[in-house]
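Quick note, the sequences are listed as chains A and B, same order.
The number in this note's numbering is simply the position in the first sequence, starting from 1, with 110 added.
The number in this note's numbering is simply the position in the second sequence, starting from 1, with 110 added.
2 protein chains.
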Amino acid sequence: MDTELHKTETKVFRQQWIEFIYTLQDKICKVLEAVDGKAKFQEDAWERAAGRGGGGLTKVIQNGNVFEKGGVNTSVVYGHLTERMCKVLQIPFLGSDATWFAAGISSVIHPLNPFVPTVHFNYRMFELYDENGILKDRWYGGGTDLTPYYLFEDDAKHFHQTFRNTCDGFDEKLYPLFKHNCDEYFVNTHRNNERRGIGGIFYDHQRAGEDHDADFWFGFAQACGNAFMDAYIPIAEKRKNTSYNREHKHWQEIRRGRYVEFNLIHDRGTLFGLKTHGRTESILMSLPPTVRFEYNYEPQPGSEEDKLWQVCLKPIDWV
Amino acid sequence: MDTELHKTETKVFRQQWIEFIYTLQDKICKVLEAVDGKAKFQEDAWERAAGRGGGGLTKVIQNGNVFEKGGVNTSVVYGHLTERMCKVLQIPFLGSDATWFAAGISSVIHPLNPFVPTVHFNYRMFELYDENGILKDRWYGGGTDLTPYYLFEDDAKHFHQTFRNTCDGFDEKLYPLFKHNCDEYFVNTHRNNERRGIGGIFYDHQRAGEDHDADFWFGFAQACGNAFMDAYIPIAEKRKNTSYNREHKHWQEIRRGRYVEFNLIHDRGTLFGLKTHGRTESILMSLPPTVRFEYNYEPQPGSEEDKLWQVCLKPIDWV
């Protein structure tokens, strides 16, 4: 293919991806504000430090009726490839004149009410270019997962069914694979392999190949990103007015402690961001607003708290 | 030296070190209980899983008048050397028939009152043996550091002066070196190099050598361990009845968030423990009881909160 044509095409593709993440960010923030009814997202546009390209748009909601703290962030970043970066990304070093480009949307929403689950999603595209600006590699990653504090089987099934349906519209092999990935990824290995929540889907390093081209994976990310509305919003609406007491809140804060442990000890995205001089406040908006760490805390066997804990210890096939 | 005599001597030395850490643990718990006046330490003796040698004694205090959560832990552990372990310890691999031994005491105390500082200390000895049980290497590490939420210069000076005096009794070169180490170690590099607190002393990999023999470093650890009583207790006594309001507590919980970030992202001891299958509940007793993470929180310039923050951003020579 003609070099200039190739460059134009990848530029257009990149631009479409950027438009997708900004559009999704805007749409999800509006929907969450409608559910909340009080708090509004506040925006922080930021740029990377001198010598580092790109920036992002952080949107944060705090102290709402429904959402105690949450963020929906986009970032569009690029730069010259470093050996350290290749090591972290587990890819071969192409030389320091090569460049990389990454753009994604990520979100964590921590509700006030312990009966409304915390939700997280992230959809990203990563590209590598050689010293002439020719695209050498491109891959996609993403996923959406749910962290309830109390287990409602109907909610768990609804959440997973929504993503199963979305995946099945693309390729029926994807949901079982990405559901399994998710159960294997969000694990506190230092806590007897306790999961962060009840999972969802998770994928990484998906490339154009024999089965699927780049447009497929772009479309898949769009569909999964948009499925947030169907998967999460009905659950938030259904549970947001459930009355709760101090014991419920206490348990939520204990479980939030596990969320903190996973994100700071194990989460590749968090550690990658902090190590590559990402914007700390945007990365750590994922941490819950109030948290408790108690020595040796375990719920009463057979209690509602224990019921949730058990499905974190042993993932369930919900659909 | 005769092999059997050598083995007996190292065994006696090891035994004395173990007695030192258990004695110190007992003494410090009694003193802290006296300051608290209500809560008592609860004990958990634990053993490592099958195939891994040793165990420890975890002592935890919770919901006291003065101490909201705290632990004073000892552990005495040993096993066969693995390549992974050598990598983490940054030492050469001696072969898998070689063995290691480690014993130490570590403590973190989180007071309820935001005017009483959090304190941490840790004193440990590490030994390596060849396949014949002959001692090949032995080193010491340790330190004590203070994390106030409000700055009282008198307290900061008293704390540092106590450790300066202790160090000077051994070698006047030690305090400046170990104070500097401490300032360089407890750093949230992802937070613009903000320190966890106002420091103290910190040392690692101290071996018998030209200047000092093993008995010197043993005696030094004993003296520093015992200096806890003089360094911290008067501060806790002086501040424990200071009245405080919700804003003070809020700031304490924000700063505790930084403590969590340091311990889970950066602290070598915590990550080493979790990676080498240490007892999770004993390791993570260091996490504060209640914590807040707020997006982009910064204290008002010129406020008492800001005064503390500024000395965390720029370490001070207190004595």
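C-beta atoms are modelled at their ideal positions from N, C-alpha and C, and glycine is treated no differently.
Since the model is a prediction, treat every value here as computed from it, not as a measurement.
Compute the beta-carbon to beta-carbon distance between residue i and residue j, rounded to the nearest angstrom, for a pair I have assumed lies under 8 Å.
i, j, result
"B/His-220", "B/Pro-398", "5 Å"
"B/Tyr-313", "B/Gly-252", "6 Å"
"B/His-376", "B/Ile-244", "Actually they are not in contact, since the Cβ atoms of B/His-376 and B/Ile-244 sit about 36 Å apart, beyond 8 Å."
"A/Gly-164", "A/Val-186", "5 Å"
"A/Ser-224", "A/Gln-362", "In the sequence as displayed, the identity of residue 224 of chain A is Pro instead of Ser. Confirmed, about 4 Å."
"A/Val-145", "A/Val-176", "6 Å"
"B/Trp-127", "B/Ala-212", "10 Å between Cβ atoms; not a contact."
"A/Val-182", "A/Gln-135", "5 Å"
"B/Pro-258", "B/Asp-247", "37 Å between Cβ atoms; not a contact."
"B/Val-297", "B/Asn-303", "5 Å"
"A/Ala-337", "A/Phe-280", "Not quite, the Cβ-Cβ distance comes to about 11 Å (not below 8 Å), so this is no contact."
"A/Asp-250", "A/Trp-327", "As written in the sequence, residue 250 of chain A is Tyr, which differs from the Asp given in the question. So it is a contact: roughly 4 Å between Cβ atoms."
"B/Leu-261", "B/Leu-418", "5 Å"
"B/Arg-366", "B/Val-401", "5 Å"
"B/Ile-311", "B/Phe-330", "Not confirmed; about 10 Å, so no contact."
"B/Glu-178", "B/Leu-222", "4 Å"
Determine the chain A residues that contact residue i at a beta-carbon separation under 8 Å, and present them in chain order.
i, result
"B/Glu-404", "Gln-172, Lys-179, Pro-399"
"B/Glu-193", "The contacting residues do not exist; B/Glu-193 stays about 19 Å from chain A at best."
Whose Cβ in chain B lies nearer than 8 Å to the Cβ of residue i?
i, result
"A/Glu-415", "Per Cβ cutoff of 8 Å: no residues; A/Glu-415 is ~18 Å from chain B at best."
Cα-Cα, which of the options is closest to residue i?
i, options, result
"B/Met-195", "B/Gln-126, B/Gly-388, B/Thr-168", "B/Gly-388"
"A/Trp-210", "A/Gln-332, A/Ala-144, A/Leu-238", "A/Leu-238"
"B/His-360", "B/Glu-404, B/Gly-379, B/Gly-205", "B/Glu-404"
"A/Tyr-132", "A/Gln-200, A/Tyr-407, A/Ile-215", "A/Ile-215"
"A/Phe-130", "A/His-358, A/Ser-206, A/Cys-334", "A/Cys-334"
"B/Gly-166", "B/Lys-121, B/Gly-319, B/Asn-351, B/Trp-156", "B/Trp-156"
"B/Thr-192", "B/Lys-385, B/Thr-184, B/Pro-409, B/Val-421", "B/Lys-385"
"B/Tyr-369", "B/Gln-125, B/Arg-301, B/Leu-261, B/Leu-142", "B/Arg-301"
"B/Gly-189", "B/Phe-328, B/Asp-207, B/Gly-174, B/Gln-200", "B/Asp-207"
"A/Glu-114", "A/Leu-418, A/Val-421, A/Ile-426, A/Asn-242", "A/Asn-242"
"A/Asp-321", "A/Glu-282, A/Val-122, A/Tyr-407, A/Arg-366", "A/Glu-282"
"B/Thr-228", "B/Thr-380, B/Glu-415, B/Val-141, B/Thr-254", "B/Thr-254"
"A/Lys-140", "A/Val-170, A/Phe-288, A/Thr-120", "A/Val-170"
"B/Tyr-407", "A/Thr-118, A/Thr-390, A/Leu-142", "A/Thr-390"
"A/Thr-168", "A/Thr-352, A/Ile-393, A/Val-429, A/Pro-425", "A/Ile-393"
"A/Asp-293", "A/Gln-410, A/Phe-123, A/Pro-425", "A/Pro-425"
"A/Glu-357", "A/Ala-331, A/Gln-332, A/Asp-323, A/Gln-410", "A/Gln-410"
"A/Val-429", "A/Cys-422, A/Leu-222, A/His-268, A/Glu-143", "A/His-268"
"B/Asp-427", "B/Thr-184, B/His-270, B/Leu-142, B/Asp-240", "B/His-270"
"A/Asn-275", "A/Asp-340, A/Gln-316, A/Ile-364", "A/Asp-340"
"A/Phe-382", "A/Arg-124, A/Gln-420, A/Gln-200", "A/Gln-200"
"A/Asn-174", "A/Leu-204, A/Leu-142, A/Thr-184", "It is worth fixing the name first, because residue 174 of chain A is Gly in this sequence and not Asn. Selected option, being the one with the closest Cα: A/Leu-142."
"B/Gly-180", "B/Arg-158, B/Val-218, B/Asp-154", "B/Val-218"
"A/Ile-138", "A/Lys-121, A/Asn-373, A/His-230", "A/His-230"
"B/Tyr-295", "B/Lys-121, B/Cys-422, B/Ser-413", "B/Cys-422"
What in chain B is Cβ-close to residue i, meaning under 7 Å?
i, result
"A/His-99", "Missing from the structure shown is residue 99 of chain A; chain A here goes from 111 to 429 and no further."
"A/Glu-371", "Leu-374"
Cβ closer than 9 Å: which chain A residues qualify as neighbours of residue i?
i, result
"B/Ile-375", "Leu-374, Ile-375, Thr-380, Leu-381, Leu-384"
Which residues of chain A have a Cβ atom closer than 7 Å to the Cβ of residue i, listed in chain order?
i, result
"B/Phe-395", "A small correction: the amino acid at residue 395 of chain B is Met; Phe does not occupy that position in the sequence shown. Chain A residues near B/Met-395: Tyr-405."
Shorter than 7 Å, the distance from the beta carbon of residue i to the closest heavy atom of the ligand ZN, or not?
i, result
"B/Ala-212", "The ligand ZN is absent from the structure shown, which contains no ligand whatsoever."
At 4 residues or longer, and completely inside the stretch 265–348 of chain A: list those alpha helix (DSSP H) runs for me, N to C. 284–295
For the 8 Å Cβ check, are there 3 or more pairs between the stretch 347–360 of chain B and the stretch 302–311 of chain B? no
Length at least 4, wholly inside the stretch 361–391 of chain B: the alpha helix (DSSP H) runs in chain order: 378–385
Pick out the complete beta strand (DSSP E) segments inside the stretch 157–193 of chain B, 3 residues or longer, and give them in chain order. 163–172, 177–190
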